[in-house]
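Worksheet for the structure shown next.
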Amino acid sequence: MKAGIVGLPNVGKSTLFNCLSNAKAQSANFPFCTIEPNIGVVNVPDSRLEKLEELVKPERVLPATVDIVDIAGLVKGASKGEGLGNQFLGNIRETDAILHVLRCFDNENIIHVDGNIDPIRDKETIDIELQLKDLETVEKKLEKVKRAAKTGNKEAIKEQDVLLKLQKGLESGISVRAIDLNEEERKEFVAPLQFITDKPVMYVCNVDEDAAVNGNAYVEKVKEAVKDEHAEVLVLAVGTEADITELEDYEERKMFLNDIGLEEAGSAKLIRSAYKLLNQQTYFTAGVKEVRAWTIPVGATAPQAAGVIHTDFEKGFIRAEVIKYDDFVSFGSEAKVKDAGKLSVEGKEYVVADGDVMHFRFNV
Ligand code: GDP
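For the sequence shown, the UniProt record's numbering assigns the number 1 to the initial residue and increments by one for each residue that follows.
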């Protein structure tokens with residue numbers, strides 16, 4: 001699963017990317033790796049994993065990860081091929097969720113491409129480019145569907161209605177995710193077109209140090225502007241956090257974070273939020289060789305969860321032994337959980353819950 005960082009130039013995207021990709025920002029034994037200059041695999045901070053490590057004392061610990069892509073270069077006119085516009089829009093299309101960085105800090109030394117600080121205008125500038133791209137998609141599809149609709153094909157008429165609604169919405173500056181359509185219309189006609197503005201989004205307000213905890217007037221404006229989008233708004237002092245991640249010593253980093261009023265790095269919260277935004281959740285395997293967090297979509301069944309480890313596990317699935325995370329912690333070990341009768345045996349229909357500690361039985 002991939003989350004893409006977008007925003008106008010000079011709002012702090014690459015600072016955020018570097019901050020997330022800095023191994024020191026995370027627990028020392030969870031190294032970060034960069035696949036390409038603008039793609040990074042980021043570990044999802046999870047205190048449950050640390051607790052399991054403490055109890056099981058495994059040889060190694062593997063956290064869940066999210067891929068982060070820095071999509072630089074999105075400017076006004078990108079949808080018309082301005083700059084390297086189309087290429088960047090192509091990169092966004094490949095992501096599963098969008099982290100939209102908005103500049104909410106004043107600093108005369110850092111030039112704003114449009115002259116002054118106005119996160120709402122910035123957001124609209126980016127949104128319009130993305131919406132224009134989606135509008136192209138709608139219009140291409142509409143051409144085809146119109147022909148079929150003319151012949152009286154009922155399905156095509158239904159689809160045409162939806163496409164016209166999308167067209168109207170996009171033309172008036174509404175993103176696909178906020179256009180008024182029912183679930184069935186979305187599933188049947190909207191989802192297959194993979195619109196950019198239908199992807200889940202989180203707004204990251206980049207603020208100065210003194211606003212790291214409570215935000216500022218710009219942040220309030222952003223919250224007000226996006227309230228109908230049901231999107232999360234996260235406040236992050238990107239520059240400050242980037243400085244803090246440069247520090248070698250964990251205790252020192254913690255001290256600096258506490259100094260600005262934070263208990264943990266905002267970037268850690270951002271990664272966890274991105275994971276949720278992608279509609280993913282975690283189950284654990286906890287053996288002496290390895291304690292590991294596995295990523296599955298919310299709603300996945302036990303065989304699907306097994307399939308994330310190996311496709312053969314899914315094919316040959318017999319049953320899953322499940323321990324609730326809280327039980328694992330309160331009893332302290334798998335054996336004690338078993339003795340207490342708290343281990344449950346689940347079949348193919350079992351829907352995995354976030355935090356389940358699992359063991360699979362399968363035929364090979
Ligand atoms: P990008 O073009 O969106 O990738 O922006 P950069 O990450 O390159 O940031 C542009 C400039 O703003 C750099 O000089 C950063 O050091 C600076 N910057 C980024 N975040 C902050 C911040 O939170 N506060 C301040 N004062 N400067 C920042």
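Ideal Cβ positions, reconstructed from N, Cα and C, are used throughout, including at glycine.
> Among 100, 109 and 56, which residue has its Cα nearest to the Cα of residue 332?
Replying inline: Here residue 332 refers to the residue found at position 332 of the sequence shown. Checking every option, the nearest Cα to that of residue 332 belongs to 56.
> Once you ignore the five residues that flank residue 289 on each side, which residues in its own chain have a CB closer than 8 Å to its CB?
Replying inline: Your numbering for residue 289 matches position 289 in the sequence shown. Excluding sequence neighbours, residue 289 sits near 58, 59 and 60.
> Going by Cα to Cα distance, which pick from 346, 299, 307 and 295 is closest to residue 319?
Replying inline: Walking along the sequence shown from the start, residue 319 turns up at place 319. If we check each option's Cα against that of residue 319, 346 comes out closest.
> Would you report the Cα separation of residue 4 and residue 307, rounded to the nearest angstrom?
Replying inline: Working through the sequence shown from its first residue, we reach residue 4 at position 4. Working through the sequence shown from its first residue, we reach residue 307 at position 307. Straight-line Cα distance between these residues: approximately 26 Å.
>> Tell me the rounded alpha-carbon separation between residue 64 and residue 40.
In response: Numbered from its first residue, the sequence shown carries residue 64 at position 64. Numbered from its first residue, the sequence shown carries residue 40 at position 40. Rounded to whole angstroms, residue 64 to residue 40 spans 13 Å at the Cα level.
> What is the rounded straight-line gap between the Cα of residue 196 and the Cα of residue 211?
Replying inline: Stepping through the sequence shown from its first residue, residue 196 is reached at position 196. Stepping through the sequence shown from its first residue, residue 211 is reached at position 211. Approximately 31 Å between the Cα atoms of the pair.
> Ordered along the chain, which non-local residues of its own chain (more than five positions away) have a Cβ less than 8 Å from that of residue 221?
Replying inline: In the sequence shown, the residue the question calls residue 221 occupies position 221. Correct list, in chain order: 119 and 120.
>> Tell me the residue span of the alpha helix (DSSP H) that contains residue 311.
In response: Locating residue 311 in the sequence shown gives position 311, where the first residue counts as 1. Run containing residue 311: 311–315, per the alpha helix (DSSP H) assignment.
>> What does the Cβ neighbour count give for residue 122, buried or exposed, with the cut at 16 atoms within 10 Å?
In response: Mapped onto the sequence shown, residue 122 falls at position 122. Under this definition residue 122 is a buried residue.
> From which residue to which residue does the alpha helix (DSSP H) around residue 369 run?
Replying inline: Not covered by the structure: residue 369. The range shown for the chain is 1 to 364.
> Just the residues with CB closer than 6 Å to a heavy atom of the ligand GDP, in chain order, which are they?
Replying inline: 7, 9, 10, 11, 12, 13, 14, 15, 72, 105, 107, 110, 206, 208, 237, 238 and 239
> Taking residue 99 as the reference, which of 154, 324 and 275 has the closest Cα?
Replying inline: Locating residue 99 in the sequence shown gives position 99, where the first residue counts as 1. Ranking 154, 324 and 275 by Cα distance to residue 99 puts 275 first.
> Using the beta-carbon count (16 or more within 10 Å), is residue 239 buried or exposed?
Replying inline: Counting from 1 along the sequence shown, the entry for residue 239 is found at position 239. Label assigned to residue 239: buried.
> Of the residues 51, 265 and 325, which one's Cα is nearest the Cα of residue 352?
Replying inline: Here the question's residue 352 lines up with position 352 in the sequence shown. It is 325 whose Cα lies nearest to the Cα of residue 352.
>> Using a 10 Å radius around the Cβ and a threshold of 16 neighbouring Cβ atoms, would you call residue 7 buried or exposed?
In response: By 1-based counting over the sequence shown, the position of residue 7 is 7. Label assigned to residue 7: buried.
> What's the C-alpha gap between residue 174 and residue 285?
Replying inline: The count along the sequence shown starts at 1 and reaches residue 174 at position 174. The count along the sequence shown starts at 1 and reaches residue 285 at position 285. For residue 174 and residue 285, the distance between alpha carbons rounds to 43 Å.
>> Under DSSP, the beta strand (DSSP E) around residue 72 begins and ends at which residues?
In response: Counted from its first residue, the sequence shown places residue 72 at position 72. No beta strand (DSSP E) contains residue 72, which DSSP labels as neither H nor E.
> Who does residue 297 pair with in a DSSP beta bridge?
Replying inline: The count along the sequence shown starts at 1 and reaches residue 297 at position 297. According to DSSP, residue 297 bridges with 280.
> Mapping DSSP to helix, strand and coil, what is residue 7?
Replying inline: For the purposes of this step, residue 7 is taken as residue 7 along the sequence shown, with counting starting at 1. Residue 7 falls in the coil class under three-state DSSP.
> From residue 133 to residue 89, what does the alpha carbon distance come to, in whole angstroms?
Replying inline: Taking the sequence shown and counting its residues from 1, the one referred to as residue 133 is at position 133. Taking the sequence shown and counting its residues from 1, the one referred to as residue 89 is at position 89. If I take the Cα positions, the gap works out to 8 Å.
> Taking the C-alpha atoms as reference points, what is the distance between residue 178 and residue 71?
Replying inline: Within the sequence shown, residue 178 is the residue found at index 178, counting from 1. Within the sequence shown, residue 71 is the residue found at index 71, counting from 1. Their Cα atoms are separated by approximately 23 Å.
> What beta strand (DSSP E) runs, 3 residues minimum, are completely inside the region 149–199?
Replying inline: none
> Taking the C-alpha atoms as reference points, what is the distance between residue 312 and residue 151?
Replying inline: Along the sequence shown, read from residue 1 onward, the residue named residue 312 stands at position 312. Along the sequence shown, read from residue 1 onward, the residue named residue 151 stands at position 151. Cα to Cα, the separation comes out at about 48 Å.
> If we call anything under 8 Å between Cβ atoms a contact, is residue 305 one with residue 358?
Replying inline: For this step, residue 305 is matched to residue 305 along the sequence shown. For this step, residue 358 is matched to residue 358 along the sequence shown. Yes, Cβ-Cβ distance for residue 305 and residue 358 is below 8 Å.
> Just curious, the beta strand (DSSP E) that residue 104 is in, first and last residue?
Replying inline: Here residue 104 refers to the residue found at position 104 when the sequence shown is read from its first residue. Element bounds for residue 104: n/a, residue is neither H nor E.
> Using DSSP with H/G/I as helix, E/B as strand and the rest coil, what is residue 213?
Replying inline: The count along the sequence shown starts at 1 and reaches residue 213 at position 213. Here residue 213 sits in coil by DSSP.
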